[in-house]
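Chain order of the listed sequences is A and B. By the working numbering, the letter at position 157 of the first sequence is numbered 157, and the numbering carries on one by one without gaps. By the working numbering, the letter at position 214 of the second sequence is numbered 417, and the numbering carries on one by one without gaps. From the three backbone atoms N, C-alpha and C, an ideal C-beta is built for every residue, glycine too.
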Amino acid sequence: MDLLTRQPLLAATALLVPLLVLVSPGWLSLDGVGPCWAVLWLLPWALSDGPFSGACAGLALGLLLDALHPGGVTQVPALLLLGWWWGRMGRRAPPIQRSFSLGLLALLGTALLGLTLMLQWGLLDWMGTREAIQLAGPQVGRRLADQGVNPALLALPGWRWDDLAGSGLRVLLTQTLITALLAPMLCSLQLLLWRQVGSGWRR
Amino acid sequence: MPAWRWLRFVQGPSLRRITPWLLVLLALVAVRLSKGALIADLYAVVSRPFWPGTAQAEWLRSARRVEDGARLAQLEQDNQRLRTLLELQKQNPNRVTAPVISRDASGWWRQLLLGQGALSGLRAGQAVLGPGGLVGLVGSVTPSTASVTLLTDPRSRVGVWVGRTQHHGLLTGIGTGRPVLRFLEKDPQARPGDVVVTSPASTLVPPNLPVGVIQTMDANADPAPEAVVQLIAPVSALDWVQVQVR
Chain A
1 MDLLTRQPLL
11 AATALLVPLL
21 VLVSPGWLSL
31 DGVGPCWAVL
41 WLLPWALSDG
51 PFSGACAGLA
61 LGLLLDALHP
71 GGVTQVPALL
81 LLGWWWGRMG
91 RRAPPIQRSF
101 SLGLLALLGT
111 ALLGLTLMLQ
121 WGLLDWMGTR
131 EAIQLAGPQV
141 GRRLADQGVN
151 PALLALPGWR
161 WDDLAGSGLR
171 VLLTQTLITA
181 LLAPMLCSLQ
191 LLLWRQVGSG
201 WRR
Chain B
204 MPAWRWLRFV
214 QGPSLRRITP
224 WLLVLLALVA
234 VRLSKGALIA
244 DLYAVVSRPF
254 WPGTAQAEWL
264 RSARRVEDGA
274 RLAQLEQDNQ
284 RLRTLLELQK
294 QNPNRVTAPV
304 ISRDASGWWR
314 QLLLGQGALS
324 GLRAGQAVLG
334 PGGLVGLVGS
344 VTPSTASVTL
354 LTDPRSRVGV
364 WVGRTQHHGL
374 LTGIGTGRPV
384 LRFLEKDPQA
394 RPGDVVVTSP
404 ASTLVPPNLP
414 VGVIQTMDAN
424 ADPAPEAVVQ
434 LIAPVSALDW
444 VQVQVR
C-alpha cells in the first residue's frame, strides 16, 4: 500500500499499459499475438504493494482496457482477482524474485484472463443463439435452418463456440507463452524498482 | 544397247556437272515439303535485330492500360448514373483518407485504429477500404480516432456475393487470418478462384466492392456450404485506408 498511498503518481505508470496495447510492437509478438501487457505491469505492482492496491490497479487497468476493445466482454473481474491474489502472495510468502516463479505467475495470470474472456464469449454465444431462436420463434427458426441459414449467425456478438475451440485456443496459448517468456525480464526489473522506491521511504 | 545409252551419257564429267543442281533441287523440295522451315528460320535469324523491342511492347501495354482505365471510368460513371436513376444511392460517395495508427490484426480483438475521427465525418458502421478492397467496418469513433473492426474479427459479419454466380452469402470472421463465407443457398456453384464482392443487397456496405478470393470450398458443410476467403487487401501491412463517408 506504500506506493499507492504515499506516491499515487507512480500508479500513473499503468497508463503505459493501454499505450503499449495500442502500439503492439510487431517484433515483440508470437505468431502475431502480442503479450498481455496488463499482466506484465500488474504482477510486480501487486507483489510489491499488497492486495488492496493490487485490486485497485487491476480494476483501473480493466476499465482502461475495456474502453479500447469493443464488445460486451470485460477484463475487470480477472484483473481484479489477479491483483488481489498476487498482492496477498507478496505479503505472505517469502520474497518472490526468482525469474522462474515470476514467469509461472504471469503464465497463470494470462491463462486465467484469457479463460475468463473465452467464458464470456461462450456465454454470449449461447445466450445469443437461444435469444435468436426465441425471437424468431421455433417455426421461423427451423425454416431458416432448412434454408441453410444458422439463425444464430445473424445475432451474434462475438466469438462462436467452435471458433473459440479452434483459433481461440491458439490465441490463448500463444499469448500465455509470450507473456510468460517476457515476464522474467520485465517483471523482475519493475519489482526491483518498486522495492527500491518503497525501501527508500521506510528508512 | 540402247537402254544404257543415256546412262552412259550421264556418266562421266557431265554427272559431276549436274550434281550440284540436283542437290539444290532436293533442298528446294525439302523446303517445300517442310512448309518453309529453313527459310522462315533463316529469316528469323537475319531479322532478329529489327524485331519489335521491349519499348514497343511497353507502348502497347500502356495503351491497353489507358483503354482499360477509360473503360473502367466510363462504366463506373454509367453505373453511378443508373444507380442514381434507381435512387439506390442518394448522394455521391465521399471518401476520407485516414492513417492507420495502431494495428492489432491477430489476438482476441482484430482491429485497426485510424487517425481520423468524428471531426472528419467518420461514423460507426462506415466501410473502410484498403488497397485491394474492403478491409472492415468502423466500429466506434472518438473525436480524432476511429476503431475499425476487421473482416477477420469474429464479430464481423458482412453480406457478400460471388460475382460470377451471383449467389449471396455471409462473410464471417472466425479469428484466423481468413474469414469464412457461409452461403445462403445449398448449391452455390462457386469454386476456388472466384472473386467475392460486397453484395448489392446489403445496406451496411457499399455495393460491389472487391473483398477477396475463394481459396477452398467445403460443399458438404452443414447446414450450408462454406468457403474460406483470402482477403485481397494485405491487412497486416496497411498504413493508409479510405473510409467511405456517406
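Can you tell me where the beta strand (DSSP E) holding residue i begins and where it ends?
{"i": "B/L387", "result": "Segment: none, B/L387 is in no beta strand (DSSP E) and carries neither H nor E."}
{"i": "B/W494", "result": "With chain B covering only 204 through 449, there is no way to say anything about residue 494 of chain B."}
{"i": "B/V408", "result": "Per DSSP, B/V408 belongs to no beta strand (DSSP E) and is neither H nor E."}
{"i": "B/A401", "result": "Position check: residue 401 of chain B holds Thr in this sequence, whereas Ala was assumed. That run of the beta strand (DSSP E) goes V398 to T401."}
Which residues does DSSP pair with residue i in a beta bridge?
{"i": "B/G372", "result": "B/V363 and B/F386"}
{"i": "B/L315", "result": "B/R306 and B/V351"}
{"i": "B/G333", "result": "B/G336"}
{"i": "B/M420", "result": "B/A430"}
{"i": "B/V341", "result": "B/V351"}
{"i": "B/G415", "result": "B/V399 and B/L434"}
{"i": "A/L30", "result": "A/V33"}
Going by C-alpha distance, which of the options is nearest residue i?
{"i": "B/Q433", "options": "B/A404, B/R394, B/L288 and B/P382", "result": "B/P382"}
{"i": "A/L177", "options": "A/A78, A/W194, A/S29 and A/S99", "result": "A/S29"}
{"i": "B/L325", "options": "B/G342, B/L412 and B/Q259", "result": "B/G342"}
{"i": "B/T401", "options": "B/A424, B/G335 and B/Q314", "result": "B/G335"}
{"i": "A/L112", "options": "A/P70, A/A78 and A/H69", "result": "A/A78"}
{"i": "B/H371", "options": "B/G380, B/A393 and B/S350", "result": "B/A393"}
{"i": "A/L82", "options": "A/S53, A/D66 and A/L68", "result": "A/S53"}
{"i": "A/P184", "options": "A/T110, A/R195, A/R98 and A/M127", "result": "A/R98"}
{"i": "B/P428", "options": "B/T419, B/R385 and B/V408", "result": "B/R385"}
{"i": "B/T300", "options": "B/S323, B/L285 and B/L315", "result": "B/S323"}
{"i": "A/W86", "options": "A/S101, A/D163 and A/L169", "result": "A/S101"}
{"i": "B/A424", "options": "B/A327, B/E388 and B/V269", "result": "B/E388"}
{"i": "A/L250", "options": "A/Q120, A/G122 and A/A57", "result": "Only positions 1 to 203 of chain A appear in the structure, and residue 250 of chain A is not among them; the question remains open."}
{"i": "A/L115", "options": "A/L172, A/L15, A/L61 and A/R88", "result": "A/L172"}
{"i": "A/D31", "options": "A/L108, A/L22 and A/Q175", "result": "A/Q175"}
{"i": "A/W204", "options": "A/G166, A/A11, A/G71 and A/L15", "result": "With chain A covering 1 to 203 only, the question about residue 204 of chain A has no answer from this structure."}
{"i": "A/A179", "options": "A/G166, A/Q120, A/L104 and A/G158", "result": "According to the sequence shown, residue 179 of chain A is Thr rather than Ala. Per the Cα distances, A/L104."}
{"i": "B/Q447", "options": "B/A436, B/S439 and B/V331", "result": "B/V331"}
{"i": "A/A106", "options": "A/C187, A/V17 and A/W194", "result": "A/C187"}
Output the boundary residues of the alpha helix (DSSP H) element that contains residue i.
{"i": "A/L61", "result": "W37 to L68"}
{"i": "A/V21", "result": "L16 to V23"}
Return yes when at least one heavy atom of the ligand COA lies under 8 Å from the C-beta of residue i, else no.
{"i": "B/T287", "result": "Summarising the ligand content, the structure contains no ligands, and the ligand COA is consequently not present."}
> Can you list, in chain order, the stretches of the alpha helix (DSSP H) that have 4 or more residues and sit fully within the stretch 246-306 of chain B?
Replying inline: Positions of the alpha helix (DSSP H) runs, each at least 4 residues long and wholly inside the stretch 246-306 of chain B, are given as 257-289 in order along the chain.
>> To be precise: take each residue of the stretch 24-39 of chain A, compare its Cβ to all Cβ atoms of chain B, and keep it if any distance is under 9 Å. Which residues remain?
In response: Flagged, chain order: S24, G26, S29, D31, G32, V33 and G34.
>> Counting only Cβ-Cβ distances shorter than 8 Å, please list the residues of the stretch 334-364 of chain B near chain A, keeping chain order.
In response: Hits within the stretch, in order: G342, S343, S350, T352, P357, R358 and R360.
> Using a beta-carbon distance cut-off of less than 9 Å, what residues from the stretch 297-311 of chain B approach chain A?
Replying inline: Close to chain A, meaning a Cβ-Cβ distance shorter than 9 Å, are the following residues of the stretch 297-311 of chain B: I304, S305, R306, D307, A308, S309, G310 and W311.
>> Give me the subset of the stretch 45-78 of chain A whose CB atoms are less than 7 Å from a CB atom of chain B, sorted by chain position.
In response: Listed by position along the chain: H69, P70 and G71.
> Using Cβ-Cβ distances below 9 Å, what residues of the stretch 155-187 of chain A are close to chain B?
Replying inline: For the stretch 155-187 of chain A, which is checked against every Cβ of chain B, the residues closer than 9 Å are L156, P157, G158, W159, R160, D162, D163, L164, G166, S167, G168, R170, V171, L172, T174 and Q175.
> Between the stretch 406-423 of chain B and chain A, which residues of the former have CB atoms less than 7 Å from a CB of the latter, in chain order?
Replying inline: So the list is empty, because no residue satisfies the distance condition.
> In chain order, what residues of the stretch 107-131 of chain A put their CB closer than 7 Å to some CB of chain B?
Replying inline: Cβ contacts with chain B come from L117.
> Using a beta-carbon distance cut-off of less than 7 Å, what residues from the stretch 309-333 of chain B approach chain A?
Replying inline: For the stretch 309-333 of chain B, which is checked against every Cβ of chain A, the residues closer than 7 Å are S309, G310, W311, W312 and L316.
> Which of the residues in the stretch 5-23 of chain A, read from start to end, lie with their CB under 9 Å from any CB of chain B?
Replying inline: Using a CB distance below 9 Å, the part of the stretch 5-23 of chain A facing chain B consists of V21, L22 and V23, ordered along the chain.
>> Runs of 3 residues minimum, wholly inside the stretch 79-131 of chain A: which ones carry the beta strand (DSSP E) assignment?
In response: Those beta strand (DSSP E) runs which fall completely within the stretch 79-131 of chain A and span 3+ residues do not exist here.
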